[in-house]
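Report on the following structure.
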Amino acid sequence: MSGKDFNVAIIGGGLCGLAAAVPLFRAGIRVQVFENAPEFSEVGAGVGMGPNSVRALDSLGLLPAIVARSEQAGPKTRVFNFVSGYDRHEQVFDARRFLRDTRCPLLIHYQTTNPSNVGLGIYRQFNKRCTSITTSETGTHIVHFADRSTYEADLVIGADGIKSVTRDYVIGDKDFKPLKYTHTEAYRALVPHQDLVNAGVKTDLQTRPVCFVGLGGHLICFPIKDNSVINFVAFVSDHDTPWVPELTGPWVTPSSPEELKGFYKGFGPDVMTILDHMKEPSRWSVHAMDPPLQSFVRDKVVLVGDAAHPMLPHLGAGVGQGIEDVLVLTQLLTRPQTKKSNLSDVLAQYNKVRPPRANWVLNASTRAGEKYDAFHSTKNDTQTTAKLLDSIWEPVWNYDLKKDIEDSIHTLEEKGIFEK
Ligand SMILES: Cc1cc2nc3c(=O)[nH]c(=O)nc-3n(C[C@H](O)[C@H](O)[C@H](O)COP(=O)(O)OP(=O)(O)OC[C@H]3O[C@@H](n4cnc5c(N)ncnc54)[C@H](O)[C@@H]3O)c2cc1C
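Residue 188 in full-length UniProt numbering sits at position 188 of the sequence shown; the count goes up by one each step and never skips.
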């Protein structure tokens, strides 16, 4: 029995799509998740989540289920230690100073997200690639799939990631292509920790994540699998060339340590040893939004996550912003006063609060990468880099999302859309 007079189609069963489905499902709303992939499976080593996103996951009622499937006994407070990429790799900056609540978990490595954990089992369909969305005469949306099937919904949540098709509907202008290649390449590899110790790496890579900063590139390292394996992402960026339209070839390609070391010439011994051990790195051409979308909503199609605001990963905030989207949206949709007749007003309120916040973080992520890669330029020694980094975490991690939700409800009440 539905708790609402509207139904919801969620396009994309990634982190944000599933995070949105659960609270809607629990509130008795008819919801279907349509996922392009044939099944849920592991795609990477994990994502870091800041305190803001962990708080949002907690409010969504999802934190225990995610932690239960994480490879560690519980969420851990693990914050980056920024060290020099050069010489003896001395500490440049400790991001721990921005953790107001030291009990707040920070980095979650999940293996897989399985909706059967939360009772969503029969409400998702695989092998369903959305190709377009249209609007019916009655104002509902028709979702079209590659297998020629369709699904009619009062509300469509676009959670289909960076190459979003639902975004095309929201933009509504086929000539406007804001997804850009950022001239940033991320080289990723997993290396057993013991191999690095045997090879003489002195920097502590096991206790907490490390970011080696340097001129033109930075290398992030975080321990996974009970600290026995280190997950490396080496970034090589050209910050001076304007971003260009999305690459038409594959975004992930094989690379080699030799190619990578060519970009890190002059870096210190630990960095060079690590790069040597990244035997078969995969090279990810990183894309992001430019200009950022000013609206995440058109008609009753609403975007969350990377569909709305793909960003550079330098603040580890991409999925966090998606989870914030999901919390605001689902808190509004599950309010007792929300019904089919006022869906547009509720979505308009979501659209008032989410684009400014998410786009601010998107821009801050770009600036963060520039700061990491400026270390050792003529102007940026240890002190100036520490000062530059000092300002970037606070507004991302300690944002008051609860207030956005309370203010939104208050606004809808003041406008008479929600009964008090
Ligand atoms: C190198 C790198 C490192 C990163 N590190 C971090 C980090 O540490 N912390 C962080 O917060 N973020 C990080 N991110 C970003 C993070 O991975 C994304 O922000 C996050 O995965 C977005 O979640 P999503 O659910 O919006 O999209 P996705 O996870 O991309 O999920 C989209 C889903 O939609 C499905 N889909 C796509 N198209 C269709 C279609 N047409 N029809 C039906 N289904 C479809 C896909 O199969 C997929 O399952 C990183 C990104 C990169 C590239």
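All C-beta atoms, glycine included, are put in the ideal place defined by N, C-alpha and C.
#1: What is the C-beta distance between T134 and I142, in whole angstroms, given that I count them as a contact (C-beta under 8 Å)?
#2: Under 6 Å Cβ to Cβ from E324, same chain only, skipping five residues before and after it: list those, please.
#3: Is V191 helix, strand or coil by DSSP?
#4: Mapping DSSP to helix, strand and coil, what is P291?
#5: Less than 9 Å between the beta carbons of T170 and V302, yes or no?
#6: When you compare the CB positions of V233 and A307, do they come within less than 9 Å of one another, or not?
#7: Determine the contact status of L293 and H309, defining contact as a CB-CB distance below 9 Å.
#8: Given 8 Å as the limit, tell me if T131 has its C-beta closer than that to any heavy atom belonging to ligand 1.
#9: Give me whichever residues DSSP pairs with R335 in a beta bridge.
#10: Out of curiosity, what's the CA-to-CA distance linking T366 and G322?
#11: Between which two residues does the beta strand (DSSP E) carrying S132 extend?
#12: Counting only the same chain and skipping the five closest in sequence on each side, list residues whose C-beta sits under 6 Å from that of N117.
#13: By Cβ distance below 8 Å, which residues in the same chain neighbour P178 in space, the five residues on each side in sequence not counted?
#14: Skipping 5 residues on each side, what residues in its chain have a beta carbon closer than 6 Å to that of C16?
#15: Would you tell me roughly how many angstroms separate the C-alpha atoms of D270 and N198, rounded to the nearest one?
#16: Looking at the secondary structure, which residues open and close the beta strand (DSSP E) in which I417 lies?
#17: Would E414 be called buried (16 or more neighbouring beta carbons within 10 Å of its own) or exposed?
#18: Need the endpoints of the alpha helix (DSSP H) that L155 sits in, please.
Per the coordinate set shown:
#1: 5 Å
#2: A56 and L401
#3: strand
#4: coil
#5: The sequence shown places Val at residue 170, rather than the Thr named in the question. Yes, these two residues count as a Cβ contact at 9 Å.
#6: no
#7: yes
#8: yes
#9: Answer is none; R335 lacks a bridge partner.
#10: 17 Å
#11: C130 to T135
#12: The predicted model places N117 with a pLDDT of 45, which falls under 50 and marks its position as unreliable; any figure quoted below should be read in that light. Answer for N117: A65, listed in chain order.
#13: I171, M289, D290, P291, P292 and L293
#14: A159, V304, G305, G322 and V326
#15: 12 Å
#16: Per DSSP, I417 belongs to no beta strand (DSSP E) and is neither H nor E.
#17: exposed
#18: L155 -> not in any alpha helix (DSSP H); beta strand (DSSP E) instead, spanning L155 to G158.
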